[in-house]
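A.B. asks: Residue numbers for the sequence shown, in UniProt numbering: 1 to 1173.
Where is the CB? At the ideal position from N, CA and C, for every residue including glycine.
All values derive from a computational prediction rather than experimental measurement.
Below is one structure. I have some questions about it.
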Amino acid sequence: KVLSHQNNYHNLEKNFENIVQYLKNETNYKECQYKNFSPTAIYPKLKVSNRYSKCNKIDKNIFFDFSNNTFKYKQNHPNISCKYRCMYPNGDTKVKYSKWRSIKNAHPNCDIFEVICKHPITNEAVFYDVFLQFYKLSIKSEKNVDFLKSSYSIDKVKHKYNVHLIVIDSISHFNALRGFSETLKYLKYNYKGVNFKYLNKIGYGSKPNGFGFLLNKRTVNLYDFETDNYIPSDYDKTSYPCYEYLDSQPFIGKYYRQLNYTILMNDDSYESVFTMNNCKGFKENIFHHTSRPFLNKLKKLHFDPKYERGRVIKGKCLNNPTYQLDYLKSFMEAYKDRRQFTLTWLAKFSHDDITGHYQFDNLIKNFFEKNKNLFDNGFLIFMGDHGFKMGTYRGTNLGDYEDRNPFLLIAPPKALRNEDGEVYQNLLFNSNKHISQFDIYATMFDIATESSRNDFSKMTNFDFNSIIKNDQIKGLSLLRKIAKSRSCLEMEVTSQFCLCYNYPHTLNNPKLKKLEEKSSNKNGNFFNINSLINLIKMKFVNHLNNLIKMTKSRNLCAKIKESKNGLFDIKYFLSKNKTIIFFVRQEVKPRGLYEAYFNEKGDLLNSTMIRVDQYNNSINNKKTCEIREYSIKSNYSEFFHPFKSPKCKKTFSNNFLQFKKGILKYSKENFLKNCKYRCSTQVSDTKFQIDEWNDINNAKPKCDVFEVNCYDKNSKKIIFQDLLLQLKGKNSFKKEKATFIIDSYPLNELNNKYSVHIIVLDSISQYNIERGFVKTLNYLKKAYNAINFKYLNKVATNSQPNAHSFLMNRRVMPLINMVNGKVIPSDYEKIGKSYCNEYLDDEPYIVKYYRQLDYKILIGEDGEDSVFSWQKCKGFNTSYAHHTTRPYMYHLRSKRKNIYISNFHKKCFKLHIIHLNYLSTFLKTYKDSKTFSLTWLSSISHSQITGHYQYDKYFKKYFQKNKEYFDNSFLFIMADHGYKMGNYRFTDIGDYEDKNPFLIISIPADLRDQNNEIIENMKYNSDKHISHYDIYATLLDIATEGGRSNFKNLKQFDLNTIIKNDKIKGLSLLRKIEISRNCFEMEISGNLNNICVPFNIKEGDNGKIFFWVRQEVLPKGVFETYFYDNGEIVTTHHLRIDPYKKYTQPCVGPGVYEKYCYCKSLVEKKNTIRYIN
């Protein structure tokens, strides 16, 4: 085996060499090119700002007021005692605390302080908060300037102007134009702000770029594709700047402090650019004022569940940048008579959302407008550190370019805003130059030294290396004309981040294919493209695992594996030195999308692999999720002896009437009997209209559901009763207005020619549909080209909340993030509504939307209540179905009419057959119309794990008989969840199957071509982790944009851009889902995640332990839930996993709390309870 493996690897390497040599011979060198892109992108999300939900500050402080740096007790709680203590910065990561002091008439002499109020008797804390204010200090003059050579006379430098640096994280030049249009326009005309078009980032994220423009340091290795030059990072021969303090580094803020500027550091993240990734930052205090102690405290509170739900975090509305801007304004006002250097870094609203900044355009414009007098005496440097660097958009050519091209605007002081002035003209000239973050450092160094010395005149080129000690300035000052064009190598920008792109080639070209075919006919096939790709994939994964081994957290990270059906892209280009370089983008398991460059030997270039998917939640999880893998085979006994319904013998007799072809009439004329019928129609989910009795003689009931009663004319007694179901076709339908689509959407372009049918088979998992419906699945795959989605994740415990998700895009359950312990309320709780005790008509019900688009609607459910009115909920106050079995089920289950259910059994009827026949008639009746149906069948499988096995042949035949109707339809056959009660549910695989309901989708016949894009996309998605929200998105896509494009050009589309008053949670399964999402991103609570290996103890990213508990209780019941490590329950919801109806319904009946009850009457009966050991 070892020799065979070595030979195979040797063959792969030989094949690699052959292909590389061919590529070198056949490829022409092209110099790197600057691409011309337009800021107008077709990416849907860029057109619609993602707005944070409105945040109302929560103030639970009923004990004291604080204003103008003074505490004052309120009168309503005179016995409560409150104390405060100041929090002073002690370097970047530590805090120095003052003593606790009474707040009575106190004036905290600090910017940050915490307050605690305690009950006088119990001494328990009744209130806690941390505050940020501004407190002016008495600033001592600095006497030592140690960064300039002794020959340079700093005494002659007159510092007139302030410097204000405002960094907005993750915003590109183009995206600033899109989202900050008002702000940029205002700064251009009122501040003479100059927008630089070609700023080049120098590193992947905030830290390497921040080190570039703040410390003049390069933390990444410099590799030039053009010349094969390699220059190690500035820290290659010394300790990486993470594990050593930065106090000796050439921080520009430190230099300004030595020049007697007053310094402010103001940001909004738990980690600063200097301390992120657990780095040390500065040991001593560089800044006179900093918000770091405030943010360090908030970080600790953020991961403490008892504070997360209170005022401390949520109540502050921290996603809004107002508090940082207010802090900056207070600083500028307080020290208006001193020179100032400020660094404000805002990351929260734009780092994780590509349009997060759009909503703050007016806020930031107004800030500059109101404080113009404060900025007039300084240089404003308004910039990004890099563009948006994660997610789907980053994978596009334009997204990749924007990541490399952060925005930059520089506005000179008012005195230098003369359009003919040298500084302004130089800024304008340089605005069209290719520049880097190092040039910003050089510019700030210039302002601090030579420019100020010459009063910003005679702005010719100047070599700053002639005046600085122990450093080499990498950039050029943007205040001086940069006449020469520089390459990325000259600017110390590594090629993988350079705005000058090397021309890429693909391996998919005819010449390569022909050569491969010729080679395949010879022995020792050493020219195989797939072999090269497989070798690169293997090396890619190996390098990732090697990089993980180098981290401190290596024992906490899952091993990286190749994602067989994941995204893979490979391109190559020829360098100036005639070497081949490969660019590879690859998706891996358990999760991740990475980019890297390889040389012609297959070695990783620059030791760098860039992650481009959004990943914080997955890396913060100390136990990275791996896909659970089980065998479909099980030793569970019932699978070998499937449940079979008892044989039924018909005993029903009817000698009174007959109903054929929609006509009721007497069986035989009998003057001693009189028969009547009455219709029942649905008014709402819980109300029905029951008409007057009518004679049956040749009657044609104009309804789907009707009762018949026959009376003895003499005694007037009822001698026969029955309940009948038909489907009575309608000729006219009321035209409705589509209220769910934005007004500008071209409804006239919708091409809704296909019907949509959903058949829900309750409580069947993916594995269990494969076990029990072998014939049906095989037939659907062959005859319908149906696609089976293997990893559908339920989003809630049972039918009702799952129905809310795939039919209404609503989350009923709280969302538990097992990574950090956050619990996000349900969609209904967030808006102060109940999903059960209020009507649902205002909710985004997909059936209502299809009705508004003139579809004929059928709803058939075989449950006692509709899925939305189950457990005594109100459901809908309107009936959205043109045809429904609800009145039939209402009468059938009525305790007052036991005769109906008795007749039902005497006829040997089965609920699923009744409902599917009803659907068949609907399909035939409206075969020339577009239709939408929802058929929900619970009777065959809800109470028996193998209940559906016996109906495999029936369902196969059903789809055979009705194929001509389904051929013009999208057909969804699915479950709400797996089997969720009983002994099998107690096993690991049973737990997994409960969370993994099955899903099969068949598309219309004229779209089933194997080469069709929609088939390719669905096959790709069939191996993706998906949720019920994706089914809703798919249904919405079919009704709108998918149909509008005739199901062509199915790139990802943001449905939020066309929908009113809603945010679509899922992604359409008709479009390729190229990103991997974790459960939290899909709004699946951590306790319902089906894709991760379960751990007995789960640890979050904050070091908190989560306990999963399954416990049996008396008199009867097996429950599951989660606890925090302090013993508090994560959510008040407990999942019951044993069958319980017969123990609850005798006394309480259906309801939200039914599962917790055990009827006392049963306890009191002797020998009725058996306790399970």
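1. Nearest-angstrom Cα distance between P89 and K96?
2. Taking all protein chains shown into account, do 16 or more other C-beta atoms lie within 10 angstroms of the C-beta of S637, making it buried, or fewer, making it exposed?
3. Counting beta carbon pairs with one atom in the region 447-456 and one in the region 222-237, are three or more of them shorter than 8 Å?
4. Are the beta-carbon atoms belonging to L915 and E861 less than 9 Å from one another?
5. Give the straight-line distance between the Cα atoms of I231 and N546, rounded to the nearest whole angstrom.
6. Am I right that V756 and I1038 are in contact with their C-beta atoms under 8 Å? What's the rounded C-beta distance?
7. Would you list, in sequence order, the uninterrupted beta strand (DSSP E) runs of no fewer than 3 residues that lie entirely inside the region 398-455?
8. May I ask you to verify whether the region 739-752 touches the region 686-697, counting CB pairs closer than 8 Å and requiring at least 3?
9. Could you round the C-beta distance between D92 and G281 to whole angstroms and report it? I think they count as a contact, below 8 Å.
10. Please classify Q21: is it buried, with 16 or more other beta-carbons within 10 angstroms of its beta-carbon, or exposed?
11. In chain order, what residues of the same chain have a beta carbon less than 6 Å from the beta carbon of C1159, not counting five sequence neighbours either side?
12. Are L815 and P825 close, meaning C-beta to C-beta below 9 Å?
13. Rounded to whole angstroms, how far is the Cβ of D1138 from the Cβ of G982, which I believe are closer than 8 Å?
14. In whole angstroms, give me the CA-to-CA distance for S929 and I533.
15. From S487, L727, E1128, D762, pick the residue whose C-alpha is nearest to that of Y979; which is it?
16. Kindly list the residues whose CB is nearer than 7 Å to the CB of residue 1234, restricted to its own chain and excluding five residues on each side of it in sequence; keep chain order.
17. Give the C-beta separation of V163 and F382 to the nearest angstrom, bearing in mind that I take them to be a contact with Cβ-Cβ under 8 Å.
18. Report all residues from its chain with a CB closer than 6 Å to the CB of M332; omit the five preceding and five following residues, and keep chain order.
19. On the three-pair Cβ rule with 8 Å, is the region 829-847 touching the region 865-873?
20. Return the CA-CA distance between L1067 and P1004, expressed in angstroms with no decimal places.
21. Can you tell me whether M813 is helix, strand or coil according to DSSP?
22. Pull the bridge partners of M332 from the DSSP assignment, please.
23. Tell me, which residues are paired with M383 by DSSP?
24. Quick one: complete beta strand (DSSP E) runs, 3+ long, within the region 636-679?
25. Would you mind stating whether K158 and R453 have Cβ atoms separated by less than 9 Å?
26. Taking Cβ positions, are F540 and V584 nearer each other than 9 Å?
27. Measuring only the C-alpha atoms, how far is K735 from Y880?
28. For T1057, does the three-state DSSP call read helix, strand or coil?
29. In terms of residues, what are the limits of the alpha helix (DSSP H) holding H912?
30. Short check: CB of E587 to CB of L567, under 9 Å?
31. If you draw a straight line from the alpha carbon of Y441 to that of L215, how long is it in whole angstroms?
32. Cutting at 8 Å between CB atoms, please list the residues of its own chain near Q960, excluding the five before and the five after it.
33. Where does F773 sit, in a helix, a strand or coil, going by DSSP?
34. Return helix, strand or coil for Y223, following the three-state DSSP convention.
35. In this structure, does DSSP put E1074 in helix, strand or coil?
36. I need the straight-line Cα distance from I1097 to S563, nearest angstrom please.
C.D. replies: To lay it out plainly:
1. The residue you call residue 89 lines up with position 89 of the sequence shown. The residue you call residue 96 lines up with position 96 of the sequence shown. Computed Cα separation, rounded: 6 Å.
2. Along the sequence shown, read from residue 1 onward, the residue named residue 637 stands at position 637. So S637 counts as exposed.
3. no
4. If you number the sequence shown from 1, residue 915 lands on position 915. If you number the sequence shown from 1, residue 861 lands on position 861. Note on residue identity: the sequence assigns His, not Leu, to residue 915. In this structure, E861 lies closer than 9 Å to H915 by Cβ.
5. Mapped onto the sequence shown, residue 231 falls at position 231. Mapped onto the sequence shown, residue 546 falls at position 546. Distance between the alpha carbons of I231 and N546 is about 22 Å.
6. In the sequence shown, the residue the question calls residue 756 occupies position 756. In the sequence shown, the residue the question calls residue 1038 occupies position 1038. Yes, they are in contact, since the Cβ atoms of V756 and I1038 sit about 6 Å apart, within 8 Å.
7. 408-411, 434-436
8. With a cut-off of 8 Å, the region 686-697 and the region 739-752 do not count as touching, because too few Cβ pairs lie within range.
9. Counting from one through the sequence shown, the residue named residue 92 turns up at place 92. Counting from one through the sequence shown, the residue named residue 281 turns up at place 281. Taking a contact as a CB-CB distance under 8 Å, the pair D92 and G281 counts as one, their CB atoms being some 3 Å apart.
10. Position 21 of the sequence shown, counted from the start, is the residue given in the question as residue 21. Q21 should be labelled exposed.
11. Residue numbering aside, residue 1159 sits at position 1159 when the sequence shown is read from its first letter. Taken in chain order, the residues that qualify are P1146, C1147.
12. For the purposes of this step, residue 815 is taken as residue 815 along the sequence shown, with counting starting at 1. For the purposes of this step, residue 825 is taken as residue 825 along the sequence shown, with counting starting at 1. Yes, these two residues count as a Cβ contact at 9 Å.
13. As a first step, residue 1138 must be located in the sequence shown, where it is residue number 1138. As a first step, residue 982 must be located in the sequence shown, where it is residue number 982. Between G982 and D1138 the Cβ distance is about 7 Å, and since that is below 8 Å, they are a contact.
14. Sequence index remark: in the sequence shown, residue 929 carries index 929 (1-based). Sequence index remark: in the sequence shown, residue 533 carries index 533 (1-based). Each residue's Cα considered, the two are about 49 Å apart.
15. Here residue 979 refers to the residue found at position 979 of the sequence shown. When only C-alpha atoms are compared, the closest one is D762.
16. There is no way to answer for residue 1234, as the model of the chain reaches only from 1 to 1173.
17. Translated into the one-based positions of the sequence shown, residue 163 becomes position 163. Translated into the one-based positions of the sequence shown, residue 382 becomes position 382. Wrong, their Cβ atoms sit about 12 Å apart, outside the cutoff.
18. Along the sequence shown, one-based indexing puts residue 332 at 332. Result list for M332: L374, in chain order.
19. At 8 Å Cβ cutoff, the stretches touch.
20. Along the sequence shown, read from residue 1 onward, the residue named residue 1067 stands at position 1067. Along the sequence shown, read from residue 1 onward, the residue named residue 1004 stands at position 1004. The straight-line gap from Cα to Cα measures roughly 20 Å.
21. Position 813 of the sequence shown, counted from the start, is the residue given in the question as residue 813. M813 falls in the coil class under three-state DSSP.
22. For this step, residue 332 is matched to residue 332 along the sequence shown. Paired residues: none, contrary to the question.
23. Numbered from its first residue, the sequence shown carries residue 383 at position 383. M383 pairs with V167, L408.
24. With a minimum length of 3 residues, the continuous beta strand (DSSP E) runs that stay inside the region 636-679 are 657-660, 663-666.
25. Mapped onto the sequence shown, residue 158 falls at position 158. Mapped onto the sequence shown, residue 453 falls at position 453. Yes. Within cutoff.
26. Mapped onto the sequence shown, residue 540 falls at position 540. Mapped onto the sequence shown, residue 584 falls at position 584. For F540 and V584, yes; Cβs fall inside 9 Å.
27. Counting from one through the sequence shown, the residue named residue 735 turns up at place 735. Counting from one through the sequence shown, the residue named residue 880 turns up at place 880. Cα-Cα distance, rounded: 13 Å.
28. Counted from its first residue, the sequence shown places residue 1057 at position 1057. Three-state result, T1057: helix.
29. Numbered from its first residue, the sequence shown carries residue 912 at position 912. Here the alpha helix (DSSP H) through H912 covers 911-925.
30. Translated into the one-based positions of the sequence shown, residue 587 becomes position 587. Translated into the one-based positions of the sequence shown, residue 567 becomes position 567. Contact: yes.
31. The residue given as residue 441 occupies position 441 in the sequence shown. The residue given as residue 215 occupies position 215 in the sequence shown. If you take the alpha carbons of Y441 and L215, they lie about 7 Å apart.
32. Position 960 of the sequence shown, counted from the start, is the residue given in the question as residue 960. Only Y779, A783 meet the Cβ criterion.
33. The residue given as residue 773 occupies position 773 in the sequence shown. F773 falls in the coil class under three-state DSSP.
34. For the purposes of this step, residue 223 is taken as residue 223 along the sequence shown, with counting starting at 1. Y223: strand per DSSP, three-state reduction.
35. To locate residue 1074, count along the sequence shown from 1; it is residue 1074. Residue state, collapsed to three classes: coil.
36. Taking the first residue of the sequence shown as 1, we reach residue 1097 at position 1097. Taking the first residue of the sequence shown as 1, we reach residue 563 at position 563. Residue placement at I1097 is poorly supported in this model, since its pLDDT is 42, which falls under 50; the coordinates still yield a value, given next. Between I1097 and S563, the C-alpha separation is close to 27 Å.
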